[in-house]
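Data first, discussion second: the structure below is written as structure tokens.
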Amino acid sequence: MARPSKVDRLPPEILDAIRGLRQRGHTIDEIRSHLDGLGVTDVSRSGLGVYIKRLDELRAQTMQARSVAEAVVDRLGDDADDDVMNRASIELLQGLILKVSLAGAGDGAALDPKELMMLSSAIKNAASARKVDADRVLQAEKRAADKARREAADRAGAAAKARGLTPDTAAFIREQILGVT
């Protein structure tokens, strides 16, 4: 594992500022100038360039992982089994965590912990949303089945009455065969 660079050893708030500036499209020279304004003068332009390169590569890899996750979700579609969706999401997240942990400090592991937390939270929220949707579908299907059963019981009761069955026999049929009281 390589030794952390001077940039890697900067305080978290300075690293956050560097990442924020780069994310907003600032150049290495503009970031260097900003650091000078903050009193951070012991970081070379080339050291900052290496850090920015790693940051850009990691951001591209993160975007690729997000694209893969979106493609998996699109491919599986709304009919995908929740277990399959959850496993796919967890595997994508574990792959990203593994890649970052293997990279180590100073070797390109510039993943913002906030981004990792947001990704993890997004996966959790997506799983929760799928569960809520599945619960709604189950409730709607149950209501439809109950309604169909009541309608069938009403038709059976009317047919029993038309055939001259006693009210007790009609009630028995409704209760025992159709499950409606």
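Here the sequence shown is numbered in the numbering used here, starting from 284 and rising by one per residue. All residues carry an ideal CB built from backbone N, CA and C; glycine is no exception.
Can the beta-carbon of residue i be found less than 9 Å from the beta-carbon of residue j?
{"i": "Arg457", "j": "Ala436", "result": "yes"}
{"i": "Leu318", "j": "Thr324", "result": "yes"}
{"i": "Val290", "j": "Val326", "result": "yes"}
{"i": "Leu402", "j": "Arg337", "result": "no"}
{"i": "Leu304", "j": "Ile314", "result": "yes"}
{"i": "Arg433", "j": "Val463", "result": "yes"}
{"i": "Ala343", "j": "Leu321", "result": "no"}
Among the options, whose alpha-carbon lies nearest the alpha-carbon of residue i?
{"i": "Ile460", "options": "Arg446, Gly440 and Lys444", "result": "Gly440"}
{"i": "Ser288", "options": "Gly308, Thr310, Asp312 and Arg328", "result": "Arg328"}
{"i": "Gln542", "options": "Asp339, Pro294, Ala431 and Thr452", "result": "One cannot answer for residue 542 here, as it falls past the ends of the chain, which runs 284 to 464."}
{"i": "Leu399", "options": "His309, Met346, Ala428 and Ala412", "result": "Met346"}
Below 6 Å CB to CB, which residues in the same chain sit around residue i once its five sequence neighbours on both sides are set aside?
{"i": "Lys444", "result": "none"}
{"i": "Arg426", "result": "none"}
{"i": "Ala453", "result": "Gly440 and Ala443"}
In chain order, what residues of the same chain lie with their CB nearer than 8 Å to the CB of residue i, ignoring the 5 residues before and after it?
{"i": "Val333", "result": "Ser288 and Val290"}
{"i": "Lys397", "result": "none"}
{"i": "Leu293", "result": "Ile301, Val323 and Val326"}
{"i": "Ile335", "result": "Ile301, Arg305, Ile311 and Ile314"}
{"i": "Asp429", "result": "none"}
How close, in whole Å, do the beta carbons of residue i and residue j come, if the pair is a contact with beta carbons under 8 Å?
{"i": "Ile406", "j": "Leu376", "result": "6 Å"}
Suppose the cutoff is 7 Å on Cβ atoms and the five residues either side in sequence are ignored; what does the same chain contact list for residue i look like?
{"i": "His309", "result": "none"}
{"i": "Asp416", "result": "none"}
Q | Within the region 301-363, ranges of the alpha helix (DSSP H) (whole runs, at least 4 residues) | A | You should have 311-320 and 328-359.
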